[in-house]
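Read the structure below first, then the notes.
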Amino acid sequence: MPEFLKAQDTISGQEGRAYLTHNNRNYEMFYIKTLEASVEKNKSEVRTLGRRGVQHKSTGWTGSGTMTIYYVTSFFRQIMYDYIKSGRDAYFDVTVTNEDPSSTIGAQTVTLKGVNLDSVVMASLDTESEALEEEVSFTFDDVDMGQSFQEPTLGI
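In this text, residue positions in the sequence shown follow my numbering: the first is 1197, and each later residue adds one.
Here's what the structure looks like:
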């Protein structure tokens, strides 16, 4: 009989937490609605004798992401305001843990290091919105994998 992934081992997007570390202080990011951080490889094209096709060589990577947050914190606006007024840029770390207690695969913890903001909403009004939200884009310079998921127990 074929094996399959048990539905209970999928991870609920609501089961997790995120923390921001800035100037040796930890802040719980309870206001996050969505967060997605991606790594994209930088590649160069390589042409060689005896081969008509182009080959590719990885030459580095770039980390970027976005988060949609409820409009309930001035933290990111303050960081951007400080940059506007003083020219001092801020870098911080964001640690994300996915952990669904109904799953057998445990938890995964990833830390995005050297997070730097790209854009921040400085003011917002919306008469059609029941809860104001904002999207914050960012880049990051490094990643730590603190904990990985275990392999799921397959059903038969």
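For glycine and all other residues, C-beta sits at the position ideal for the given N, C-alpha and C. Owing to the predicted nature of the structure, the values given are computational and were not obtained by experimental measurement.
### Task
Sort A1233, Q1251, S1208 by Cα distance to S1240 and report the nearest one.
Q1251
#### Entry: Where I1301 falls: helix, strand or coil (DSSP)
coil
### Task
Kindly list the residues whose CB is nearer than 7 Å to the CB of V1140, restricted to its own chain and excluding five residues on each side of it in sequence; keep chain order.
Within the shown structure, residues of the chain are numbered from 1197 to 1352, placing residue 1140 beyond reach of any answer.
### Query
From R1221, T1258, V1306, pick the residue whose C-alpha is nearest to that of G1212; which is it?
V1306
### Query
Which residues in the same chain have their Cβ closer than 8 Å to the Cβ of Q1357, if we skip the five residues on either side of it in sequence?
There is no way to answer for residue 1357, as the model of the chain reaches only from 1197 to 1352.
### Query
Should S1320 and L1328 be called a contact, given that it needs their Cβ atoms to be closer than 8 Å?
In this structure, S1320 sits near L1328, with a CB-CB distance shorter than 8 Å.
### Message
Please classify F1226 as buried or exposed, where buried requires at least 16 other C-beta atoms within 10 Å of its C-beta.
### Response
exposed
### Query
So G1351 and K1202 are in contact, right, with Cβ under 8 Å, and what is the actual spacing, rounded?
5 Å
### Query
I1256: which of E1224, I1228, E1236 sits nearest, CA to CA?
One point to set straight first is that residue 1256 is Gly, not Ile, in the sequence displayed. Looking at the Cα atoms, E1236 is the closest of the given residues.
#### Entry: Beta-carbon separation (whole angstroms), I1207 vs M1263, contact threshold 8 Å
I1207 to M1263, Cβ: 18 Å. No contact.
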